[in-house]
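Peer 1: Protein chains in written order, with my numbering: chain A, 6 to 466; chain B, 482 to 858.
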Amino acid sequence: MKWGDDEIDNLFRQRTDDLSFEYKNEYWEDFEASLPVSDVVESSPEESVNDIDTLYKEKSNSLSFEYNSSYWDEMAAMLPNNKKRLDFLWFFTSFVFVGLISSLFFINGPVTAEREIIYSAENLDSKNGTNKNSSVIAESSIAESNVKGDNNSSNQETPASQNQLNENSIENGASSTDNTANRVAGPVISSSANNVVIITSSENENSTPVHSENDSQITEPEFGQTEIASTRSDQEIILATKKIEMGTIDRALAPSSFKTLKVPVTTNLYVELNGGISQALTSPSESIASSLGLGIGTSFQKGRFIFTTGVNAIMSNYSDMLLSREAKVYGFGSELYRYNLEYKQTYSLEGVFTVGYKLGRHTISIGCRPSYMMNSRVIINQQGPQGIERNDVYGFMDGLNRFGIKPMLGYSVNLSHGMILGINVGAQVVQTVNEEFVNGQNSQLPIDGQIYLRKSIRFGK
Amino acid sequence: MDKYTLENQLDLENNMIGKRLNIIAYCCLIIISLASCKKDEVVLPESNDPIFRVDGTFDGQNFSLIAGDNNAYMHTMTETVNGVEVFSGNLSNGDFSVEMGVYNGMIDMPSSQVPLQLLDLNPNFSMNSAQGLMFLSKNMLVLPSGQYIEQIFWYIDGVFAGVNDVVIYDPGKYEICAEAKFADGTIETLCNEVIVGYEHNANFSIDFSIDQLGNLESFIDNMGYDISMVNWTMDSVPMSSQTDYLQEVVDSGSHYLNAQVHFTNGAVRSKTALIDGGPAARHIPDFTVFEATAPAFISRDFNIRLKVKSAGALYLSEMANNSNSSLSITGVEYYGKNPSGNDVYKIMVNVSAQVKQTVTLETIPINFSASFGIEIP
């Protein structure tokens with residue numbers, strides 16, 4: 006079973022409905038009492054943070070804890086077990102595709118959501134009001150420890166649920182208890198020697214420990230069976246998310262914030278005119294082929310990505326596709342036929358499948374154009390016993406392979422009034438000419454360029 | 482936006498997308514239809530392997546004739562030899578030619594399937610006979626009840642052949658006419674079709690008697706063959722369709738009594754007798770008597786005839802003794818129409834034969850394998 010958004014959403018809702026944990030007020034009081042600075046409450050948030058940072062650094066330098074691998078085994082046992090064998094081709098294709106898309110991220114900088122949410126000590130304080138002492142966030146010095154590695158591994162499997170917990174704490178934000186509980190989202194590492202408990206959140210690379218003198222018993226809703234205790238003299242360190250970038254929060258926020266977050270999905274119908282040139286399909290040849298066509302299709306945009314599907318009717322013109330042949334036909338005697346076939350035009354239906362990334366008015370895209378040759382126009386010059394004949398023939402498909410496919414790269418720019426001007430550069434990877442029927446050989450990966458003018462008709466939101 | 486509204490909106494959006502997809506699909510269909518609307522049927526000639534060819538040795542020399550190469554051409558035709566069709570083909574390049582023909586073996590069966598018969602048979606080369614195959618004699622036509630015939634002039638296929646007694650040596654289907662001079666000096670002529678040197682698939686004779694008052698009684702002697710239909714005519718006037726009997730009153734003078742008999746095996750024969758309803762009694766029976774008494778030396782049905790032309794000389798396979806010649810037909814298949822519009826069959830045959838030069842009478846061996854065309858209309 007694969008865990009999609011729907012399953013994760015349902016799981017989150019189910020777990021949050023069943024959420025319960027024990028909270029005693031003396032935990033908080035003990036926590037406040039354990040703070041080394043008495044005027045924490047009276048200090049400004051910035052000062053409090055600095056003090057906590059200092060405290061954290063001091064404590065973290067002397068921090069030691071024992072890691073028991075059984076904790077991780079226990080954690081792993083609770084993770085969804087997806088043993089379905091990966092299909093290598095799909096996996097590879099997905100990997101390549103995701104890699105290409107990811108490269109666009111790095112080339113163009115980080116992608117931010119339309120609603121960027123950054124969690125920090127400040128806004129936690131400001132949101133929670135009475136929760137000033139509940140979380141003190143600093144850079145984690147244990148991020149480089151072996152704990153980090155394990156936690157990261159685990160979090161790769163359960164990012165959504167953890168983020169949902171975080172989100173829940175932020176939105177509800179009513180009590181410090183909630184926040185404390187909800188921040189506990191990752192595996193728990195405890196040391197029996199010093200009773201240090203490290204609770205990690207989903208983004209442990211940026212997680213920060215939180216010092217607490219409170220003993221707390223926390224029922225972890227996600228895993229249900231985790232109970233954490235600490236002594237008053239020890240520090241409870243909670244690694245919380247300092248900053249959650251869009252890439253992580255987007256998926257987690259989807260179920261609950263779908264009603265309020267508008268992920269723009271626009272679907273357009275378009276019509277286009279296109280023209281292009283391409284290298285000769287056969288070699289040796291110095292001529293080029295031209296094409297002209299019109300098309301129709303749809304494109305829909307999600308975020309900055311534009312997915313386009315369509316179909317073009319293409320008329321391609323050739324001047325170099327010739328067939329010279331003799332045929333000796335035996336019967337009671339024999340008849341010798343000499344004929345020249347000039348493949349002048351082909352008529353194709355061409356599919357368009359692209360994924361584009363929008364940068365303002367500009368869009369760069371990758372995709373492919375599979376094609377099916379429907380018809381042709383061929384001039385047949387035949388010299389036989391009946392003399393010389395010249396015929397203009399439609400539908401003669403001998404020598405032509407009907408199917409073709411062109412991977413391509415594209416660029417387009419949005420003009421006014423819904424017009425889009427773009428170019429595509431592709432290469433025909435399927436040999437469309439049967440060498441036995443033409444003079445010459447197939448060209449290897451003939452490159453073609455296509456320019457199109459597209460009129461978008463928006464019909465949906 | 483609550484959940485219900487959200488789902489409605491999603492449904493609405495899906496419907497809109499569905500409608501647009503329908504539009505796209507229709508447009509695609511229109512485009513496909515337009516692109517496919519004009520298509521010409523083009524069949525370009527393609528090179529093929531030779532159809533007809535002969536490869537072998539003649540007098541120890543290799544030869545190869547391929548119709549279509551070196552001016553060689555496969556000419557197919559149907560010859561008629563002594564009234565019998567010879568389904569033939571001639572492959573020649575002008576200097577050297579090989580001609581093969583198949584004698585029709587179903588000459589009394591008009592609707593026979595000759596190619597099937599060829600496939601079923603293992604034919605032989607045709608032979609010439611040094612002995613007479615049929616004797617035409619005046620005395621065999623004199624009936625006891627009729628007036629005496631003093632003299633008969635014989636005509637075979639319209640050509641005078643002799644007086645009173647004639648011998649036929651070659652097989653064939655002949656139209657034989659007897660110009661008889663009776664004792665009273667009158668001359669009457671009677672013609673009949675006679676099959677010589679071929680097997681009869683069926684046969685009959687007209688038996689008749691007529692008194693001086695002109696009362697005629699005639700019968701069909703079917704010789705054991707089953708009859709399906711008989712058409713009687715008197716002087717070309719239809720008289721009766723009774724199977725084997727005719728009774729009429731015949732006027733004085735000579736009359737031609739004809740019976741066309743259809744046999745159940747498909748054979749059709751027609752014979753004519755001369756009868757006289759007057760006291761002169763000038764009667765001549767049909768010529769069945771000649772067929773019945775002919776010696777069965779030869780049966781030329783579906784025999785093969787081979788002709789070779791080399792350096793202007795003609796060589797024939799038909800000899801009195803061709804026991805050293807053999808052939809086997811390995812296949813018969815329909816090829817098509819020839820320029821004359823008649824059906825042509827391709828026969829695959831292996832031949833080992835002797836042919837005799839028509840002038841020097843020199844015998845030459847010839848061996849070949851052939852894919853040969855013959856016309857069977």
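Here a beta-carbon is modelled for each residue, glycine too, at the ideal position from N, C-alpha and C.
At 9 Å on the CB atoms, spell out the chain B contacts of residue 334 (chain A), in chain order.
Peer 2: Position 329 of the first sequence, counting from 1, holds the residue named residue 334 (chain A). Result: 526, 527, 528, 529 and 549.
Peer 1: Among B:846, B:798, B:835 and B:786, whose alpha-carbon lies nearest the alpha-carbon of residue 584 (chain B)?
Peer 2: Residue 584 (chain B) sits at position 103 when you count from the first residue of the second sequence. Nearest C-alpha to residue 584 (chain B): B:786.
Peer 1: With respect to 7 Å, is the separation between the Cβ of residue 677 (chain B) and the closest non-hydrogen atom of the ligand NAP below this value?
Peer 2: Among the ligands in the structure shown, none appear at all, so the ligand NAP cannot be discussed.
Peer 1: Quick one: which residues of the segment 352–372 of chain A get their C-beta closer than 9 Å to a C-beta of chain B? List them in chain order.
Peer 2: Cβ contacts with chain B: 352, 353 and 354.
Peer 1: Tell me whether residue 738 (chain B) is buried or exposed, calling it buried when 16 or more other Cβ atoms sit within 10 Å of its Cβ.
Peer 2: Working through the second sequence from its first residue, we reach residue 738 (chain B) at position 257. So residue 738 (chain B) ends up on the buried side.
Peer 1: Where does residue 323 (chain A) sit, in a helix, a strand or coil, going by DSSP?
Peer 2: Position 318 of the first sequence, counted from the first residue, corresponds to residue 323 (chain A). Residue state, collapsed to three classes: coil.
Peer 1: So, is the C-beta of residue 339 (chain A) closer than 8 Å to a C-beta in chain B?
Peer 2: Counting from 1 along the first sequence, the entry for residue 339 (chain A) is found at position 334. Cβ-Cβ to chain B under 8 Å: yes for residue 339 (chain A).
Peer 1: Give me, in chain order, the residues of the same chain whose beta-carbon lies closer than 7 Å to that of residue 590 (chain B); leave out the 5 immediate sequence neighbours on both sides.
Peer 2: On the second sequence, position 109 is the one that residue 590 (chain B) refers to. The residues are 682, 747 and 748.
Peer 1: Identify the continuous alpha helix (DSSP H) that holds residue 19 (chain A) and give its terminal residues.
Peer 2: By one-based count along the first sequence, residue 19 (chain A) stands at place 14. Note, residue 19 (chain A): alpha helix (DSSP H), 10–22.
Peer 1: Enumerate in chain order the residues of its own chain whose CB-to-CB distance from residue 587 (chain B) is below 8 Å, with the five nearest sequence positions on each side excluded.
Peer 2: Within the second sequence, the letter at position 106 stands for residue 587 (chain B). 593, 595, 598, 682 and 782, listed in sequence order.
Peer 1: Can you list the residues of chain B that residue 385 (chain A) reaches, using a CB-CB cut of under 8 Å?
Peer 2: Taking the first sequence and counting its residues from 1, one reaches residue 385 (chain A) at position 380. Chain B residues near residue 385 (chain A): 523 and 525.
Peer 1: Please name the residue, chosen from B:841, B:798 and B:814, that lies closest to residue 832 (chain B) on a Cα-to-Cα basis.
Peer 2: Taking the second sequence and counting its residues from 1, the one referred to as residue 832 (chain B) is at position 351. When each option's Cα is compared against that of residue 832 (chain B), the closest is B:798.
Peer 1: Looking only at its own chain, which residues have a Cβ that is under 6 Å from the Cβ of residue 382 (chain A), when we skip the five neighbours before and after it?
Peer 2: The count along the first sequence starts at 1 and reaches residue 382 (chain A) at position 377. Contacts found: 349, 350 and 399.
Peer 1: Compare the C-beta of residue 857 (chain B) against all C-beta atoms of chain A and say whether one is closer than 8 Å.
Peer 2: As a working note, residue 857 (chain B) is residue 376 in the second sequence. Output row for residue 857 (chain B): interface = no.
Peer 1: Could you say if the segment 689–706 of chain B and the segment 657–668 of chain B meet the contact criterion of at least three C-beta pairs nearer than 8 Å?
Peer 2: In short, these stretches do not touch, since the Cβ pair count stays below three.
Peer 1: Which word fits residue 534 (chain B), buried or exposed, when buried means at least 16 other C-beta atoms lie within 10 angstroms of its C-beta?
Peer 2: In the second sequence, residue 534 (chain B) corresponds to position 53, counting from 1. Buried, since its Cβ has 16 or more Cβ neighbours within 10 Å.
Peer 1: Look at residue 731 (chain B) and residue 697 (chain B) and say whether their C-beta atoms are less than 8 Å apart.
Peer 2: The residue you call residue 731 (chain B) lines up with position 250 of the second sequence. The residue you call residue 697 (chain B) lines up with position 216 of the second sequence. A contact, by the Cβ cut-off of 8 Å.
Peer 1: On the CB-based measure, 16 or more other CB atoms within 10 Å of its CB, does residue 779 (chain B) come out buried or exposed?
Peer 2: In the second sequence, the residue the question calls residue 779 (chain B) occupies position 298. It counts as buried.
Peer 1: Answer yes if the segment 374–392 of chain A comes into contact with the segment 339–348 of chain A, meaning at least three C-beta pairs across the two stretches below 8 Å, and no otherwise.
Peer 2: As far as the Cβ criterion goes, the segment 339–348 of chain A touches the segment 374–392 of chain A, which means the pair count is three or higher.
Peer 1: Leaving out five residues on either side along the sequence, give the residues of the same chain with a beta carbon under 6 Å from the beta carbon of residue 433 (chain A).
Peer 2: The count along the first sequence starts at 1 and reaches residue 433 (chain A) at position 428. Correct list, in chain order: 409, 411 and 451.
Peer 1: Rounded to whole angstroms, what's the CA-CA distance from residue 548 (chain B) to residue 327 (chain A)? Just pull it up for me.
Peer 2: In the second sequence, counting from the first residue as 1, residue 548 (chain B) sits at position 67. In the first sequence, counting from the first residue as 1, residue 327 (chain A) sits at position 322. Those two C-alpha atoms are separated by around 31 Å.
Peer 1: Rounded to whole angstroms, what is the Cα-Cα separation between residue 538 (chain B) and residue 336 (chain A)?
Peer 2: Counting from 1 along the second sequence, the entry for residue 538 (chain B) is found at position 57. Counting from 1 along the first sequence, the entry for residue 336 (chain A) is found at position 331. One C-alpha to the other measures close to 23 Å.
Peer 1: Distance, Cα to Cα, residue 850 (chain B) vs residue 812 (chain B)?
Peer 2: Taking the first residue of the second sequence as 1, we reach residue 850 (chain B) at position 369. Taking the first residue of the second sequence as 1, we reach residue 812 (chain B) at position 331. The alpha-carbon atoms of residue 850 (chain B) and residue 812 (chain B) are separated by roughly 12 Å.
Peer 1: Examine chain A for any beta-carbon lying closer than 8 Å to the beta-carbon of residue 574 (chain B), and answer yes or no.
Peer 2: Numbered from its first residue, the second sequence carries residue 574 (chain B) at position 93. No, no contact with chain A.
Peer 1: Per DSSP, what kind of secondary structure is residue 422 (chain A) in: helix, strand or coil?
Peer 2: The residue labelled residue 422 (chain A) in the question sits at position 417 within the first sequence. It is helical.
Peer 1: I need the straight-line Cα distance from residue 606 (chain B) to residue 620 (chain B), nearest angstrom please.
Peer 2: Along the second sequence, read from residue 1 onward, the residue named residue 606 (chain B) stands at position 125. Along the second sequence, read from residue 1 onward, the residue named residue 620 (chain B) stands at position 139. Looking at the two C-alpha atoms, the distance is approximately 36 Å.
Peer 1: Identify the continuous beta strand (DSSP E) that holds residue 844 (chain B) and give its terminal residues.
Peer 2: Indexing the second sequence from 1 puts residue 844 (chain B) at position 363. Residues 844–856.
Peer 1: Just checking, does the segment 799–810 of chain B make contact with the segment 706–714 of chain B on the three C-beta pairs under 8 Å criterion?
Peer 2: The segment 799–810 of chain B vs the segment 706–714 of chain B: no contact.
Peer 1: Between which two residues does the beta strand (DSSP E) holding residue 692 (chain B) run?
Peer 2: Numbered from its first residue, the second sequence carries residue 692 (chain B) at position 211. Run containing residue 692 (chain B): none; DSSP gives neither H nor E here.
Peer 1: What residue range does the beta strand (DSSP E) around residue 36 (chain A) cover?
Peer 2: In the first sequence, the residue the question calls residue 36 (chain A) occupies position 31. Not the beta strand (DSSP E): residue 36 (chain A) falls in the alpha helix (DSSP H), residues 30–39.
Peer 1: With a Cβ-Cβ cutoff of 8 Å, do residue 642 (chain B) and residue 701 (chain B) count as a contact?
Peer 2: On the second sequence, position 161 is the one that residue 642 (chain B) refers to. On the second sequence, position 220 is the one that residue 701 (chain B) refers to. Cβ atoms of residue 642 (chain B) and residue 701 (chain B): not closer than 8 Å.
Peer 1: Report the CB separation of residue 354 (chain A) from residue 379 (chain A) in whole angstroms; it is logged as a contact under 8 Å.
Peer 2: Position 349 of the first sequence holds residue 354 (chain A). Position 374 of the first sequence holds residue 379 (chain A). Indeed, because the Cβ distance is near 6 Å, the residues count as touching under 8 Å.
Peer 1: DSSP three-state label for residue 779 (chain B), please.
Peer 2: To locate residue 779 (chain B), count along the second sequence from 1; it is residue 298. Three-state result, residue 779 (chain B): coil.
Peer 1: Run through the segment 525–561 of chain B for me and flag every whole beta strand (DSSP E) of 3 or more residues, listed as ranges in chain order.
Peer 2: For the segment 525–561 of chain B, whole beta strand (DSSP E) runs of length 3 or above, ordered along the chain, are 534–539 and 542–547.
Peer 1: Below 9 Å between beta carbons is the criterion; list the residues of the segment 538–567 of chain B that meet it against any residue of chain A, in chain order.
Peer 2: Listed in sequence order: 547, 548, 549, 550, 552, 553, 554, 555, 556 and 557.
Peer 1: Hey, how far is the Cα of residue 16 (chain A) from the Cα of residue 30 (chain A)?
Peer 2: Along the first sequence, one-based indexing puts residue 16 (chain A) at 11. Along the first sequence, one-based indexing puts residue 30 (chain A) at 25. Cα to Cα, residue 16 (chain A) sits roughly 30 Å from residue 30 (chain A).
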